[in-house]
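Chains as they are written, first to last, in our numbering: chain A, 1 to 326; chain B, 327 to 481.
All C-beta atoms in this analysis are idealised placements derived from N, C-alpha and C, irrespective of residue type, glycine included.
Heads up, the thing below is written out as structure tokens.
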Amino acid sequence: MKNFTYFQPENLKDAAKQLGNNWKDRLLIAGGTDLLGLMKHNLERPDVLINLKSIAGLEKIEYLPGKELRIGALTKITDIAEHPVIREKFTALAEAAGQVASPQLRNMGTIGGNICQRPRCWYYRGDFNCLRKGGDICFAVEGRNKFHCIIGGAPCFIVHPSDLAVALQALEAKLIIFSGKKSKSVAIKDFFVLPDADVYRENILKPNEIITEIHIPEPASGCQSGYLKFQEREVWDFATVSVGVSIKKNANFIETGLVVFGGVAPRPWIEQKISQALTGTILKENTISELTDICLQDAEPLEENKYKVVLAKNLLKNLLMRLNNI
Amino acid sequence: MTIELNFTINEKKITLKTEPNRRLLDILRQELNLTGTKEGCAIGECGACTVVMNGKAVNSCLVLAPQINGAEILTVEGLEKDQRLHFLQENFLKHGAVQCGFCTPGMLMSAYALLSKNPNPTEAEVKEAIAGNLCRCTGYKQIIDAILETEGDIK
Ligand SMILES: Cc1cc2nc3c(=O)[nH]c(=O)nc-3n(C[C@H](O)[C@H](O)[C@H](O)COP(=O)(O)OP(=O)(O)OC[C@H]3O[C@@H](n4cnc5c(N)ncnc54)[C@H](O)[C@@H]3O)c2cc1C
Ligand code: SF4
Ligand code: FES
Ligand code: FES
Chain A
1 MKNFTYFQPE
11 NLKDAAKQLG
21 NNWKDRLLIA
31 GGTDLLGLMK
41 HNLERPDVLI
51 NLKSIAGLEK
61 IEYLPGKELR
71 IGALTKITDI
81 AEHPVIREKF
91 TALAEAAGQV
101 ASPQLRNMGT
111 IGGNICQRPR
121 CWYYRGDFNC
131 LRKGGDICFA
141 VEGRNKFHCI
151 IGGAPCFIVH
161 PSDLAVALQA
171 LEAKLIIFSG
181 KKSKSVAIKD
191 FFVLPDADVY
201 RENILKPNEI
211 ITEIHIPEPA
221 SGCQSGYLKF
231 QEREVWDFAT
241 VSVGVSIKKN
251 ANFIETGLVV
261 FGGVAPRPWI
271 EQKISQALTG
281 TILKENTISE
291 LTDICLQDAE
301 PLEENKYKVV
311 LAKNLLKNLL
321 MRLNNI
Chain B
327 MTIELNFTIN
337 EKKITLKTEP
347 NRRLLDILRQ
357 ELNLTGTKEG
367 CAIGECGACT
377 VVMNGKAVNS
387 CLVLAPQING
397 AEILTVEGLE
407 KDQRLHFLQE
417 NFLKHGAVQC
427 GFCTPGMLMS
437 AYALLSKNPN
447 PTEAEVKEAI
457 AGNLCRCTGY
467 KQIIDAILET
477 EGDIK
């Protein structure tokens with residue numbers, strides 16, 4: 001690993017000042033579990049690392065009943081998975097957190113770092129100068145693309161690797177972003193971008209911006225949420241496909257629902273059609289099958305990943321059955 | 327740039343100066359001669375480098391030196407007391423959970439972190455605790471049995 005200067009800012013202003021206006025020389029470090037891998041493979045070669053841990057107050061879980069849940073960006077994934085209020089009321093997030101990587105990585109990795117982690121495309125992580133790294137072509141188009149996206153791709157076909165992002169989208173979280181002088185609040189649906197808008201970055205963050213908190217609104221009464229993940233290896237693995245759902249029930253029928261897929265697109269993928277179709281339905285086994293049939297109709301799988309369409313439908317079906325005790 | 331670090335390893339206080347680009351794994355193996363902790367993949371995938379930091383299992387290949395300032399770290403060398411193996415280690419031997427031994431220090435530390443929080447884990451909890459530790463030899467069953475037998479207060 002190349003040598004670098006390690007900066008320990010005392011507050012956000014100092015940290016933002018240290019960050020530059022490009023993505024090359026100066027980077028933030030939280031738990032370091034993604035960044036160290038990137039540095040080992042020479043994908044990042046920073047001159048300065050800015051340690052977020054030296055700033056007080058960024059590691060916390062605060063529940064304001066009736067209002068919202070506030071999670072500091074430096075909160076460890078383990079602490080989210082184990083938090084009783086998150087498990088009870090923000091279930092999709094606790095379930096997603098419990099399935100991230102391995103215990104060791106959940107103990108170091110933070111929620112902010114998880115949302116900002118870089119793609120896992122094997123050409124990107126390997127020795128290929130692909131589009132996302134400033135080259136001219138995407139090697140996944142003609143190459144091995146079993147784990148690439150089936151929707152929202154072109155010109156780059158990554159999937160977003162974060163489990164937490166999918167659950168946070170299902171729960172309609174907001175990100176609090178500090179940009180130099182003041183903070184702004186960004187709905188998570190406006191945070192991630194597709195490659196046709198920016199082929200180099202996965203989100204709207206600028207090089208001098210810092211995520212400080214994640215806010216999740218209190219679910220209305222009758223709301224339930226969950227997260228289901230399919231992974232190839234039995235122990236730790238990134239999601240091949242995953243799904244996060246939140247539904248609000250009124251007696252037997254669904255008042256509103258939100259369905260978000262992971263592992264299918266370069267960002268957490270909101271399924272508009274099915275979210276709308278959920279409204280007013282009474283969920284039984286046959287209605288669930290009809291519903292899940294309409295999802296991902298616009299998918300354009302690559303050579304090796306057609307299986308993801310079927311897998312996504314089945315995961316959604318299983319999760320809806322579980323949430324409705326069928 | 328050199329930085330000064332103060333931390334505790336296996337109950338011993340340590341102060342040392344180092345470059346910030348070194349990993350906890352390098353500090354252990356190269357500076358402190360604690361070579362029980364192994365380097366496998368170096369990217370968080372195999373768990374051979376697992377140590378317990380502030381009570382939690384972590385991959386020492388993914389911890390930067392400056393991140394250990396003020397921390398309490400336990401490595402496999404800290405399990406043995408007065409030249410006697412810890413009973414977790416004895417159970418590993420008894421169950422044949424050690425073959426080539428490369429994964430063993432990491433396995434022990436993941437098991438230790440689990441048992442110090444949860445003295446009577448279920449089999450599922452044991453499996454989850456060692457999900458980040460790869461073993462190419464044993465097929466895991468012997469390891470799981472050894473951990474399950476080590477009940478009670480492990481300190
Ligand atoms: C073997 C392995 C398996 C994994 N499996 C999974 C998995 O199954 N599911 C999953 O979701 N993830 C998985 N991950 C990714 C892992 O969860 C992330 O590496 C971790 O959450 C990142 O958190 P961190 O604090 O270590 O981030 P860091 O490595 O410190 O940072 C990651 C990136 O985010 C930036 N950053 C960090 N914090 C902020 C902030 N507050 N504001 C702005 N930018 C910031 C950093 O500059 C850096 O570019 C895996 C990783 C490994 C190595
Ligand atoms: S999918 Fe994206 S990251 Fe992967 S090779 Fe293509 S351009 Fe590069
Ligand atoms: S060497 Fe650290 S996880 Fe493999
Ligand atoms: S005993 Fe050989 S890798 Fe586990």
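Each residue's CA atom was taken as its position, placing Asn129 (chain A) and Tyr307 (chain A) some 28 Å apart. Taking each of A:Val159, A:Arg132, A:His160, A:Tyr123 in turn and checking the Cα distance to Glu142 (chain A), the smallest one comes out for A:Tyr123. Between ligand 1 and Gly422 (chain B), a heavy atom-to-CB distance of less than 7 Å is absent. For Leu315 (chain A), the enclosing alpha helix (DSSP H) stretches over residues 307 to 323.
At a cut-off of 7 Å, the beta-carbon of Gly32 (chain A) does not count as near ligand 3: no heavy atom of the ligand is closer than that.
Between Ile288 (chain A) and Ile158 (chain A), the alpha-carbon positions lie close to 29 Å from each other. In terms of CA proximity to Gln231 (chain A), A:Val241 leads the group A:Pro195, A:Val241, A:Glu300, A:Ser225. In the three-state reduction of the DSSP assignment, Phe7 (chain A) falls in the strand class.
Nearest Cα to Ile394 (chain B) within the set B:Gln468, B:Ile470, B:Thr334, B:Cys463: B:Thr334.
Gly226 (chain A) has its Cβ no nearer than 7 Å to any heavy atom of ligand 3. Excluding five sequence positions before and after Pro301 (chain A), the CB atoms of its chain that fall closer than 7 Å to its own CB belong to Ile150, Lys308, Val309, given in chain order. Between Ile353 (chain B) and chain A, the shortest Cβ-Cβ separation is not below 8 Å.
Contact between Pro119 (chain A) and Pro161 (chain A) is confirmed by a C-beta separation of about 6 Å, below the 8 Å threshold. Proximity to Glu303 (chain A) across A:Val85, A:Gly135, A:Phe147, A:Thr5 peaks at A:Phe147, based on C-alpha coordinates. Distances between the C-beta of Thr464 (chain B) and the heavy atoms of ligand 4 include at least one below 7 Å. In terms of Cβ geometry, Thr344 (chain B) and Thr328 (chain B) form a close pair [threshold 8 Å].
If you draw a straight line from the Cα of Asp14 (chain A) to the Cα of Ala30 (chain A), it is about 16 Å long. Of all residues in the region 91 to 105 of chain A, only Ala101, Ser102, Pro103, Gln104, Leu105 come within less than 8 Å of chain B when Cβ atoms are compared, listed by chain position. For Ser185 (chain A), the enclosing beta strand (DSSP E) begins and ends at 182 to 187. Look at Asn114 (chain A): its C-beta is not under 8 Å from any C-beta on chain B.
Taking a contact as a CB-CB distance under 8 Å, the pair Ile77 (chain A) and Arg106 (chain A) counts as one, their CB atoms being some 4 Å apart. DSSP, read as helix, strand or coil, puts Glu290 (chain A) in helix.
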